[in-house]
Each structure stands twice: as structure tokens, then as C-alpha cells.
Amino acid sequence: MALILPRSYHKIESVERNRISWIEPEQAERQDIRALRIGILNIMPLGKQYEFNLLHPLGLSVLQIEPIWIRLNSHAYKSWDQGHLDELYISWEEAMARGPLDGLIITGAPVEHLAFEQVSYWRELVELIEEARRNCASTLGLCWAGFALAYLAGVDKVSFDRKLFGIYPLRSLVPGHSLMGTQDDRFVCPQSRHAGLEDAAMESAQRQGRLRLLAHGERVGYTIFETPDQRQLMHLGHPEYSVGRLRTEMERDKARGDVPPPENFNPDQAQTLWRSHRNLLFQQWLWFCYQRVSLSA
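In this note's numbering, the protein residues as written are 49 to 345.
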């Protein structure tokens with residue numbers, strides 16, 4: 049199928065270069081196909097440059113996908129192109145007024161050093177998450193957003209003395225799971241974070257029925273997990289990252305001088321070893337949203 053994008057979208061060339069089908073909103077309306085409306089709450093630094101990291105795996109879906117870019121009213125977006133933000137992004141209220149969102153993706157954010165209540169947009173984010181749980185088939189939280197969802201489920205993050213940065217192996221824990229069953233038993237994924245979740249706390253949350261654990265790594269701990277009602281899926285890694293994004297972060301950290309080079313990643317001979325994991329994760333999540341929406345229709 050296709051992504052629904054305006055012709056003026058700044059990454060159209062990248063979309064076409066990667067052989068991702070796309071159509072304009074007017075053409076989508078004439079086709080009268082019920083597209084899957086996926087909200088994307090993008091709070092990454094330099095968010096305009098980050099967008100294609102999500103559009104690429106979403107655009108590989110057999111479903112027609114309409115990305116809805118969402119902004120927070122209480123966030124300053126200091127590192128962003130303000131013109132792009134104003135042109136493309138809308139508030140949560142406006143997104144919901146235009147029609148139901150079938151799924152929601154919340155990105156990472158560079159605020160791991162803060163307690164959640166100290167984040168300027170925390171209250172607004174919590175209200176949004178609660179409304180999404182009632183009205184969206186599923187919310188996918190990446191990196192810091194995964195930590196935020198875990199915190200709301202009763203598990204707080206633990207700060208690291210040194211950034212976890214690189215490509216790390218993970219082990220799938222639930223064979224045949226609706227979202228993880230298509231993954232290899234072992235796979236790799238980029239990690240770029242200053243915090244983690246203690247294994248004991250996560251295992252306790254599972255015993256108490258607050259979380260279901262889906263993937264674990266010796267170096268990275270429990271990285272993929274969900275709420276028992278499957279309304280929220282959390283991934284503490286960055287499966288959506290490209291090699292270019294990793295290089296950019298590496299150069300930024302190198303300039304700061306406070307982060308070691310990424311582990312298991314050679315920027316001169318870089319390979320995308322996590323592509324299958326990324327594609328399967330997003331495709332299965334989209335299909336899960338589609339099935340839930342279809343059953344409730």
C-alpha cells in the first residue's frame with residue numbers, strides 16, 4: 049500500500065529512493081480506503097531530521113498508513129525548525145478531532161537525567177497517554193517513552209554512570225507471541241540511553257500482573273515488554289535508528305567528550321544488523337493495531 053504524505057514533505061526524495069510507495073491526501077480521499085491513522089508524538093531533538101527513521105519501517109506495511117505528527121503544547125522544541133513544526137505538527141486535541149487514532153508512537157527524549165515529574169511536559173504527556181490507552185488500539189513507547197510507560201506501571205528507571213551506547217544482542221522470551229513471535233530467537237538492536245530498569249523490579253512487575261516481559265539482553269536487561277492488556281508496548285532501544293543516525297550521535301558525543309564510542313559498531317564499515325528486527329517489530333505492531341480496530345468496528 050502507501051504512506052499518505054503531502055507532496056511538499058521534506059523527505060519525499062528519501063521515501064522514493066527507498067522505494068516506499070506514497071500518495072497525496074487528495075488521492076487517498078478519492079480511493080476511499082480506510083487508512084490506518086498512526087499518531088507520532090515526536091519529542092526527539094532535531095525532530096525534523098529524525099522523522100524518516102519512523103516513516104521508513106511504517107512505509108513498508110501492506111496497509112495504507114496516514115502518519116499524524118503530534119506536538120505537545122508544553123514543550124519548547126528548542127532544537128527544531130520552527131517553520132516545519134508549525135506547518136506539519138498539530139496538537140493532540142486537533143488530531144483526535146479529525147478522527148480516531150488507531151495507534152500512537154511516542155519517541156525518546158533527552159531527559160533521562162531528570163525525574164519524570166521534573167520534565168516540563170510530564171503532566172500533559174501523562175494525560176495524553178491515559179487518553180490514548182482508552183482510545184487507541186496500542187501505544188508504542190520508544191527509549192525514554194518506554195521508561196515513562198514503565199514508570200506509570202510502577203517501575204522506575206535507574207541512572208547509569210556511563211551511557212549505554214551501541215548494538216547489543218537480545219533474546220526473545222515468548223515464542224508465538226502476537227507481536228514478538230515472528231522475531232528470531234536472538235537478534236540485535238541499537239541502544240542509546242543513560243538509564244535502565246532493574247531485572248528484579250521488572251520480574252516483580254510481571255509476577256504482579258503489571259507487565260509482560262518480551263525480550264532480554266545480558267548487557268541491556270529487559271528491553272521489550274508490554275502491559276497485560278496489550279494497550280502499551282515498550283521498547284527501550286532504538287530499532288528505528290539508521291546507521292546514519294548512529295553516526296550522528298557518535299560524532300555529537302565525541303565532540304562533547306563524555307561518552308565512549310558505540311560498542312559493536314564500526315562507523316567505517318557499518319552494517320544494519322537490526323533491519324529485520326525493526327521491520328518485523330513495526331509490521332507486527334501495525335497489523336496488531338489493524339486487527340484490534342477491525343474487531344471493534
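We put the beta carbon where it would ideally sit given N, CA and C, even for glycine.
The Cβ-Cβ distance between Met298 and Leu197 does not fall below 8 Å. Note: Ala83 is not bridge-paired with any residue in the DSSP secondary-structure output. When DSSP states are grouped into helix, strand and coil, Val110 belongs to the coil group.
Excluding the 5 residues flanking it on each side, Leu176 has same chain C-beta neighbours closer than 6 Å at Trp140, in chain order. Here Pro238 carries a strand assignment [DSSP, helix/strand/coil]. Comparing alpha carbon positions, the residue from Val63, Glu74, Ile88, Phe100 closest to Gly292 is Phe100.
Taking the Cα of Arg255 as reference, the smallest distance to any Cα among Lys205, His286, Ala201, Arg85 is reached at Ala201.
In its chain, beyond the 5 residues on either side, Arg295, Met298 have a beta carbon closer than 7 Å to the beta carbon of Pro315. Residue burial annotation: Ala145 is exposed, with fewer than 16 other C-beta atoms found within 10 angstroms of its C-beta. Under the three-state reduction of DSSP output, Lys59 falls in the coil class, being neither helix nor strand.
In this structure, Gly107 sits away from Ile154, with a CB-CB distance that is not shorter than 8 Å.
Residue burial is scored here from C-beta neighbours: Lys302 has fewer than 16 other C-beta atoms within 10 angstroms and is therefore classed as exposed. As computed with DSSP, Met282 is found in a beta bridge with Gly189, Phe273. In the DSSP annotation of this structure, the continuous segment of the alpha helix (DSSP H) that includes Asp301 starts and ends at 291 to 304. Around the beta carbon of Thr275, 16 or more other beta carbons lie within 10 angstroms, which makes this residue buried.
Here DSSP, grouped into helix, strand and coil, assigns Glu165 to helix. Assigned with DSSP and collapsed to three states, Ser252 falls in helix. Arg67 and Pro105 have their C-alpha atoms some 12 Å from each other.
Straight-line spacing of the CA atoms in Asn312 and Gly214 works out to 6 Å. Just measuring C-alpha positions, the residue of Val341, Asp306, Gly285, Pro148 sitting nearest His325 is Gly285. Under the three-state reduction of DSSP output, Ala243 falls in the strand class. Bounds of any alpha helix (DSSP H) do not take in His264; it lies within the beta strand (DSSP E) bounded by 260 to 265. When beta bridges are read from the DSSP output, Gly214 appears opposite Gln239, Glu311.
Contact annotation, Tyr216 with Leu245: C-beta distance approximately 15 Å; criterion of less than 8 Å not satisfied.
Classified as exposed, Ile81 has fewer than 16 neighbouring CB atoms from the shown chains inside 10 Å of its CB.
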